[in-house]
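A short write-up of the structure that comes next.
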Amino acid sequence: MDSPAVALTDLVKRYGRTLAINGLTLNAERGAVTAILGPNGAGKTSTVEICEGFRKADGGTVRVLGLDPIRQGAQLKPRVGVMLQSGGVPPAVRAGEWLRLVARFHAHPLDPGALLDRLGLTEHARTPYRRLSGGQQQRLSLAAAVVGRPELVFLDEPTAGLDPQARHACWDVIGELRARGVSTVLTTHHMDEAEKLADKVVIIDRGTVVAEGSPQSLTGAERQLRFRARPGLDLDELLTALPSGSAAKESPSGHYVIEGHVGPELLGTVTAWCATEGVTADDLSVERRTLEDVFLELTGRELR
Amino acid sequence: MTAALDFTPAPGAAPLPRMVLAQAAAEVRAVLRNGEQLLLTLIIPILVLVGFSTIALLEVPGRRIDFVAPGVLALAIMSTAFTGQAIGTGFERRYGVLKRLGATPLSRSGLMLAKTLAVIIVEVLQIVVIAAVALAMGWHPHGNPLWAALLILAGTAAFSGLALLMAGTLRAEATLAAANLVYLVLLGLGGVVVPVTTFPHAVRVIVELLPITALTEGLRAVLTHASGLPVRDLLVLLAWAAVALALASRTFRWE
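Protein chains in written order, with this note's numbering: chain A, 1 to 304; chain B, 305 to 559.
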């Protein structure tokens, strides 16, 4: 009965002649973590900023917690936490002051001091924003997004530029939000982040959804066999020995990937074949496809 | 040991007065902490006050301090409501602060209310300090303080409108340069220290339509000559306020 956290239907957004979002349809469920993945310029930030009410869609419908983010923005804003991709804080304001200010805008905020502590910012509470490191600035922005105890948070690249410790601290907060029933919509470039955190991954490219589902359903049940050996093995010959439906490729040079029904039989065939070729297969491993494999397959390898 | 944090949703906006007061307090703190802003809002006006009332650079009508003090009050109002606010808001737009605040429960009108309140608080501080220095130098203000307050409010509205018009349309760096230039030009032309009676008639007619001149002349009429409400000056200020605020509300870009 609850409307989804976010429901976008046939969304269109143009900037001048550029079509940034081209008929995008997306649902983010309540209480779940939804990760929007996509190459640079795919339309991630535009999509999120339309949901936040910063931009007006040129077509389609937008519902956030069942409301129109522009016409019903006043109703929506107290219920939604926002972390912009960068900036948004006056350079001279002290970290603690900023968080206390945002807390003052809400009826039942979290304790700003405890939240600073949680994100490792207590000793920087009196540091002006411009003197914080990039990672500290990101953490302060995350704190400001959650301090008002929202039902839904939008995090635009929350872990960009964070060191591993800070990334894990950020992931912990997102995990805890989820445990408390808060819905999260985040954008990211990090596949491991999406794989680890998200209940649902939506891959977008050129302003439209190219794949969506749980990380498991996207990476599939299919597994792959990887090994290293000298470059230039004759894979066509290997394939004749493998069950039909298998695929083999060398990428990059000297790194081999066999996809198909990877079981003991296939493993045995490959190692036997290597033995007859007189090569040793190093670092032999059986893995699932990663989200990164799926992502590159769908969005291509060229740089944007 | 970290304190327990309960992320369970409990959304809700704070009451509007609390939001507005919190934002206004933050803005006042920002002004008082900013060295360049203090230079503009307090130090330059006081230097002008002390300098021009002790050194006989120019011929002025009546006692020097009685002529200069109202002009410096007008200058101080302009420095806060126009120059400081234009530069501050321009950079807030540039740094995405206005955008970020737009995602909080504080509405746009609440933010404008907070900015107005912050400007008035800073102006009160300026008036207290400048009046204290002027009184110590032998200033004898006359007239109805209510008329002076009315002129200052109308002047604040006019200068705020112009500040927001500039900050909401130009790039932050352009606003910084233009706002300082306008401050200097109006300091010279607006009758703050140079009596407009020394200008040729044709120039004077135009200069008297400037908001700074209307505020200076109006305050001087009340505080120095104990006149009734200077209606013409008040109308000039209200006209500037109406036009500038209407234009600003149509053209202001938050990002």
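Each residue gets a CB set at the ideal place from its N, CA and C atoms; glycine is no exception.
Sheet register partners of residue i (DSSP bridge)
i	result
F154 of chain A	A:V82, A:V185
G260 of chain A	A:R223
T34 of chain A	A:V185, A:K200
V64 of chain A	A:V6, A:L67
D205 of chain A	A:T208
I21 of chain A	A:K13
A317 of chain B	A:H106
L26 of chain A	A:L8
H255 of chain A	A:R228
G59 of chain A	A:V12
G213 of chain A	A:V201
R94 of chain A	A:P128
Within chain E, partners of residue i - CB distance below 8 Å
i	result
R71 of chain A	Looking for chain E here will not work: the only protein chains present are A and B.
Integer-rounded CB distance, given that residue j should sit under 8 Å from residue i
i	j	result
G96 of chain A	P112 of chain A	7 Å
A317 of chain B	P409 of chain B	3 Å
V262 of chain A	L225 of chain A	5 Å
L110 of chain A	L309 of chain B	6 Å
V12 of chain A	N27 of chain A	Actually they are not in contact, since the Cβ atoms of V12 of chain A and N27 of chain A sit about 17 Å apart, beyond 8 Å.
G260 of chain A	P243 of chain A	7 Å
A378 of chain B	T520 of chain B	4 Å
T184 of chain A	V89 of chain A	Not confirmed; about 21 Å, so no contact.
A307 of chain A	L101 of chain A	Lying before the first or after the last residue shown, residue 307 of chain A is absent from chain A, which here runs from 1 to 304.
F311 of chain B	V182 of chain A	6 Å
Cβ-Cβ distance between residue i and residue j below 9 Å
i	j	result
A145 of chain A	G81 of chain A	yes
A545 of chain B	A461 of chain B	yes
L65 of chain A	A5 of chain A	yes
L37 of chain A	H168 of chain A	no
D60 of chain A	L19 of chain A	Looking at the sequence provided, one finds Gly at residue 60 of chain A rather than Asp. No, these two residues do not count as a Cβ contact at 9 Å.
A380 of chain B	E427 of chain B	yes
R206 of chain A	R289 of chain A	no
I431 of chain B	I456 of chain B	yes
G414 of chain B	L320 of chain B	yes
W273 of chain A	E250 of chain A	no
Unbroken beta strand (DSSP E) run spanning residue i, endpoints
i	result
K13 of chain A	6 to 15
E250 of chain A	247 to 250
Limits of the alpha helix (DSSP H) - the one that residue i falls within
i	result
E287 of chain A	Run containing E287 of chain A: none in the alpha helix (DSSP H); it sits in the beta strand (DSSP E), 282 to 288.
N448 of chain B	Where N448 of chain B is concerned, there is no enclosing alpha helix (DSSP H), given that its DSSP letter is neither H nor E.
A114 of chain A	112 to 118
Q389 of chain B	389 to 398
R508 of chain B	505 to 511
Q137 of chain A	134 to 146
W278 of chain B	Because residue 278 of chain B is not part of the residues shown, which for chain B are 305 to 559, the question remains open.
I348 of chain B	348 to 358
M249 of chain B	Lying before the first or after the last residue shown, residue 249 of chain B is absent from chain B, which here runs from 305 to 559.
Q165 of chain A	164 to 179
A525 of chain B	515 to 527
E52 of chain A	From DSSP, E52 of chain A is part of no alpha helix (DSSP H); its letter is neither H nor E.
T420 of chain B	412 to 440
V489 of chain B	476 to 493
V89 of chain A	Here V89 of chain A belongs to no alpha helix (DSSP H), and DSSP marks it neither H nor E.
L121 of chain A	Premise fails: L121 of chain A is in no alpha helix (DSSP H) and is neither H nor E.
F386 of chain B	Run containing F386 of chain B: none; DSSP gives neither H nor E here.
Proximity test, residue i beta-carbon vs the ligand ZN heavy atom, cut-off 8 Å
i	result
L342 of chain B	The ligand ZN is not among the ligands present in this structure, which contains no ligands whatsoever.
So does the segment 362 to 369 of chain B actually touch the segment 498 to 505 of chain B, counting three or more Cβ pairs closer than 8 Å? yes
Practice task
Determine contact between the segment 254 to 273 of chain A and the segment 215 to 230 of chain A, defined as no fewer than three beta-carbon pairs at a distance below 8 Å.
Solution key: With three or more CB-CB distances shorter than 8 Å, the segment 254 to 273 of chain A counts as touching the segment 215 to 230 of chain A.
ask   = Any contact of the segment 370 to 384 of chain B with the segment 523 to 543 of chain B, i.e. 3+ C-beta pairs under 8 Å?
value = yes
Can we say the segment 92 to 106 of chain A touches the segment 37 to 53 of chain A, given the rule of at least three CB pairs closer than 8 Å? no
| task | Give a yes or no on contact between the segment 101 to 109 of chain A and the segment 147 to 155 of chain A, applying the rule of three or more CB pairs nearer than 8 Å. | result | yes
* To do: Count the CB pairs spanning the segment 320 to 337 of chain B and the segment 410 to 425 of chain B that are closer than 8 Å, and state whether there are at least three.
  => yes
Would you be able to state if there are at least three C-beta pairs under 8 Å between the segment 398 to 409 of chain B and the segment 340 to 355 of chain B? no
**Prompt:** How do the segment 467 to 474 of chain B and the segment 529 to 539 of chain B stand: do at least 3 beta-carbon pairs fall below 8 Å, yes or no?
**Reply:** no
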